[in-house]
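Structure, as structure tokens:
Protein chains in written order, with the numbering used here: chain G, 1 to 92; chain H, 1 to 657.
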């Protein structure tokens, strides 16, 4: 049954790509959720010009949050693109 | 059919309906402002605010009542992504966020940002790992998914147990918050206010289930975000000339840091009692700081009342977009909270600390009368009161020093309108916003509990042949019972809201997260593995929580727990040898004042982050036990494939009539 092997292959390729996207986003999430805040002490020595925020504080109070919001809108787009590519997206 | 037509009419006009609603609300605020200028007393204005907003929520709740099962449980899966985002925002942001968050940041400075990060970053996990897949699965409740994926009622029962444990802890804190706001602004006794708030919650959720809750939550979001941002935008414009507080508070932070140095130099504060606002890891050790962030994030992705919001979207694609909208709407409040903290702190450091006792600004006294601000150990009710209190202290210099000043953290948001010298109408607006935040979260939580009990326990486990009418009846009766029990618990003032909410997140994380993630991402996960994993993970978290809170002596004696560490010095918080020698060392169910309570544990880990122990164990157990057993059936693996593809019908098809 060529059709079902084709489906199987598409499923696997779709899932491989989905998993890669997941890992990329988790990496970004981990970096902005944790790694960057481990360097808060040196980052606080830098002050953002005009606004006067210490950079370490700013990242935890606003910077990482902005990254999370942008990430989620991007993720929705990217995952939809993957779903469409393999013909698994819902009809519009 | 008439209802159906009416609802699609409503859905296509959402923008206009909520636009008119927002305009109406603003007009109402202006009307109150005019009444205030005409000399109507504040107490009456406060009542008008509360009654007007609660009746609007009630009207929406009554208008969207429903007798259809799918409308009742998942709002007919027709809520557009944008509006579901708003509803999730209101569902998510509770009294703890609205009233408590800014106060926590005021007190803890940088370390308080652990909560800000933890309560936003979790939505990344919701969208990437779990939410859209559960939507495709087609569940009504989270235990529904566990039952299907892990074959049967054992997994379902455990899912219900986890759901009830974390949601009940959480809802108690919300009803408590409702009581505090109502009692402060309406002058009702606290216990009465708790039950009055309860009526407001029930009108919205009882009649129309998820559908009614969704459309009231959208309305509540609009009120709460306007209320949160208005005072601080005015304050920012007044002080810095720019109406964007999120940008201008950087200057306030710089001023605070400069003022901190000055206070130490002039003897108003000491190095020992001043906690610099931007210094990290002075309230939490680095371990606990990052553990709290992780537990709040993972807990977000495991809390049933949040996950079930994404069951209501029309498609999987919309579910993903909806998570992004949710976080945007939540972000608007969370990235403003540090501005509240900074402006308040600057006001306190410059206009309270270092002031002559007789020249203190009058906003302090309004809160001092309520016992929420203390100067020199006494309620700061008037100038005479604080002068007398400070005289009693030997060598008092006659100006307020840092150690003389104590403020309840709830005051920060509520007092900002007065600090900025704004009329009472803005204070009333803030109170209405706080109430909206508490009510909307309580609605969502009660619905989650009642749905699990009526759908999972009653319909799926006890009587699978129950007719629709009886199922919905059972849901409503259970909702009422759960609500009354939660209110009765809240009326006993069980304590610290932030800690209680933190426990709810950790319990959800340990109980739900491993089983949900592996259910979608690992086909090899078996029923036995999941059941063992939930029991082990949730059990360990619960054990750690209960032992450190209620049996700390036993924890030290039998389970090798040690004292948590002081984040600045790294020394133990309690001297265990001494504390264990005290006669009350082995006391069980002690109050928070007990020397060992919440201060012992393993690896110096605070019990708020008990999910850090439970979730990894859950993952490990599911992995090992699954590999020991037989692979799940081909059919089950095919279902998992189905969940992963947005196209096609939902896996679970419920009878809808």
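Where is the CB? At the ideal position from N, CA and C, for every residue including glycine.
Residue 143 (chain H) is positioned such that its CB atom lies closer than 8 Å to that of residue 452 (chain H). For residue 101 (chain H), the closest of H:330, H:141, H:123 by C-alpha to C-alpha distance is H:330. The C-beta separation of residue 283 (chain H) from residue 410 (chain H) comes to about 18 Å, leaving the pair out of contact by the 8 Å criterion. Secondary structure note for residue 374 (chain H): its beta strand (DSSP E) is the uninterrupted segment 373-375.
At least one C-beta of chain G is nearer than 8 Å to the C-beta of residue 324 (chain H). Contacts with chain G at 8 Å (Cβ-Cβ) include residue 321 (chain H). Your pair residue 300 (chain H) and residue 123 (chain H) checks out as a contact, with CB atoms roughly 6 Å apart and the cut at 8 Å.
Chain order gives the chain H residues near residue 90 (chain G) as 315, 316, 317, 646, 647, where near means a beta carbon separation below 7 Å. The three-state secondary structure of residue 356 (chain H), taken from DSSP, is strand. Interface flag for residue 31 (chain G) against chain H is unset, since no Cβ pair is found closer than 8 Å.
C-alpha of residue 653 (chain H) to C-alpha of residue 76 (chain H): approximately 13 Å in a straight line.
The beta-carbon of residue 297 (chain H) is placed less than 8 Å from the nearest beta-carbon of chain G. Secondary structure note for residue 406 (chain H): its beta strand (DSSP E) is the uninterrupted segment 405-407. Ranked by how close their Cα comes to the Cα of residue 218 (chain H), the residues H:631, H:61, H:477 have H:61 in first place.
Beyond the five residues adjoining it in sequence on each side, residue 419 (chain H) comes within less than 6 Å, by CB distance, of 347, 363 in the same chain, given in chain order.
Within the same chain, and ignoring the five residues on either side of residue 89 (chain H) in sequence, the residues whose Cβ sits closer than 7 Å to its Cβ are 221, 326, 329, 330.
Take residue 139 (chain H), set aside five residues on each side of it, and the residues of its chain with a beta-carbon closer than 7 Å to its own are 145, 311, 652, in chain order. Within chain H, the residues whose beta carbon sits less than 7 Å from that of residue 72 (chain G) are 123, 124, 127, 323, 324, 327, listed in sequence order. Distance from the CA atom of residue 406 (chain H) to the CA atom of residue 153 (chain H), rounded to whole angstroms, is 52 Å.
Listed in chain order, the non-local C-beta contacts of residue 552 (chain H) below 6 Å within the same chain comprise 596, 597, 600, local neighbours out to five positions each way being set aside.
Bounds of the alpha helix (DSSP H) holding residue 288 (chain H) are 286-300. Check the Cα spacing between residue 318 (chain H) and each of H:174, H:135, H:605: the tightest is with H:135.
In the three-state reduction of the DSSP assignment, residue 97 (chain H) falls in the helix class, which pools H, G and I. In chain order, 65, 68 make up the part of chain G whose C-beta sits under 7 Å from the C-beta of residue 120 (chain H).
If you ignore the 5 residues before and after residue 393 (chain H), its C-beta comes within less than 7 Å of the C-beta of 376, all in its own chain and listed in chain order.
The distance from the Cβ of residue 303 (chain H) to that of residue 508 (chain H) is about 5 Å, consistent with a contact at the 8 Å cut-off. Under a criterion of Cβ atoms nearer than 7 Å, the residues of chain G adjacent to residue 246 (chain H) are, in order, 62. If you draw a straight line from the Cα of residue 227 (chain H) to the Cα of residue 425 (chain H), it comes to about 11 Å.
Residue 615 (chain H) and residue 193 (chain H) have their alpha carbons spaced roughly 38 Å apart. Only 246, 247, 250, 251, 253, 254 from the region 246-263 of chain H bring a Cβ to less than 7 Å from some Cβ of chain G. Per the DSSP secondary-structure output, residue 378 (chain H) pairs in a beta bridge with H:375. Under the three-state reduction of DSSP, residue 601 (chain H) is assigned to strand. Residues of the region 327-344 of chain H with a C-beta atom less than 8 Å from some C-beta of chain G are 327, 328, 331, 334, 335, 338, listed in chain order.
For the region 281-306 of chain H, the beta-carbon criterion of a distance under 7 Å to any beta-carbon of chain G is satisfied by 290, 293, 297. Annotated three-state conformation of residue 47 (chain G) is strand, per DSSP. Counted as a single uninterrupted DSSP element, the alpha helix (DSSP H) harbouring residue 451 (chain H) occupies residues 424-451.
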